[in-house]
Amino acid sequence: MMKTLFSFLLVFMFLLGFGQKKMDTASCYNKQMIWNQISDTVKNEKKKINYQSLVSKIIDDFDKENIKSENLVFILRVNNRNPLDEEPQMYVCDIDKKILASNFNEEIFWSKKNIKSISNKLKKNLILSNQDLDFVKPIDKTKKVNKNNLYSNYFNYHNKYYVYLKEFFRKQKIGTYRKGEKEQQTIYYFPYDKENNVNLINDNSNDIRNFNTLELSFINLPNRIVKVSYMYNMNYENVVTKTYQYQNKNWVEIPTKQEH
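Just so we're on the same page, my numbering is the position in the sequence shown counted from 1, plus 973.
Spelled out as structure tokens, the structure:
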């Protein structure tokens, strides 16, 4: 039975990851059926697993060579697809989020407590961003939100945690972000050293960037397994994948096999 479940998961591994292709309704339905066969197993295991200790394990496994800068931008991938777009370039089934991270996910890893712990442990300023390097900025009070706008409501509803974290960062310290020679904006960040001011620079023309980025992706599997992909500096060729299993109340790295 377990081999059958892993065989189904192989289909997921082809469809999931950082880049996801458009799928039709039938494909989403099939994925829903597959997920129903493994969801109970994964959910029941949650009761006997300490996921907070996995957070520490993941932090220890950060590749320090890829995050040498004192400024670390962690990226939360935000689904901002217009629900009225009949042919979106990037379409993700609603079930994908459950498949990817039903027990352990970004919301658990990037909690307020963990953000503070990571900042202190790595001695780095942490900056929140989405996949478009859209940092947390002051609220533009001149813009009025149309509550009747379906797209606006859809975006906010499906990104509650992102909005929640943005509010947390707006209570931290103010810095600046300069892109190119002229474009500059105010941003918020979580400081490691409150005496220093963060001035992020992203100048592609002169190949200057004084920050690193990190994006994490999680997949929960049966047998108390969590697969973690670390993407450094927004480089799809610089992705490290590690697989962890909960054994005897400890998280142990195991070989990443094809069925994982």
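Idealized CB from N, CA, C, for every residue including glycine. This one's a predicted model, so the numbers in the text were calculated from it and none came from an experiment.
Secondary structure of Thr1014 (DSSP, three-state): helix. For Ile1160, the uninterrupted beta strand (DSSP E) run begins and ends at 1156 to 1162, by DSSP.
Relative to Thr1214, the option among Asn1221, Val1225, Val1201, Met1207 whose CA is nearest is Val1201. Take Phe1047, set aside five residues on each side of it, and the residues of its chain with a beta-carbon closer than 7 Å to its own are Trp1083, Leu1099, Leu1101, Leu1187, in chain order. Under the 10 Å beta carbon count, Tyr1217 is surrounded by 16 or more other beta carbons and is classified as buried. Taking all protein chains in view, the Cβ of Lys1086 is surrounded by fewer than 16 other Cβ atoms within 10 Å, so the residue is classified as exposed.
In summary, Ser1026 is exposed, with fewer than 16 beta-carbon neighbours lying within 10 Å of its beta-carbon over all protein chains present.
For Asn1169, there is no enclosing beta strand (DSSP E), as DSSP gives it neither H nor E. Here Gly1148 is buried, its C-beta having at least 16 other C-beta atoms within 10 Å. Taking C-alpha positions only, Val1199 is separated from Asn1221 by approximately 15 Å. For Lys1019, same chain residues with a beta-carbon under 6 Å away, outside a window of 5 residues either side, are Asn1076 in chain order. Beta bridge pairing from DSSP links Arg1182 with Asn1175. A Cβ-Cβ distance of about 6 Å is found for the pair Lys1094 and Ile1032, placing them in contact under the 8 Å criterion. Judged by beta-carbon spacing, Asp1036 lies beyond the 9 Å limit of Tyr1165, meaning their Cβ atoms are not closer than that value. Residue pairing from DSSP leaves Glu1038 without any beta-bridge partner. Note: Met1204 is bridge-paired with Glu1188, Val1212 in the DSSP secondary-structure output.
For Glu1079, the enclosing alpha helix (DSSP H) covers residues 1079 to 1082. Beta-bridge partners of Asn1044 (DSSP): Asn1098.
Less than 9 Å separates the beta-carbon of Asn1103 from that of Leu1049.
Annotated as proximal: Leu1045 and Lys1097, with beta-carbon spacing under 9 Å.
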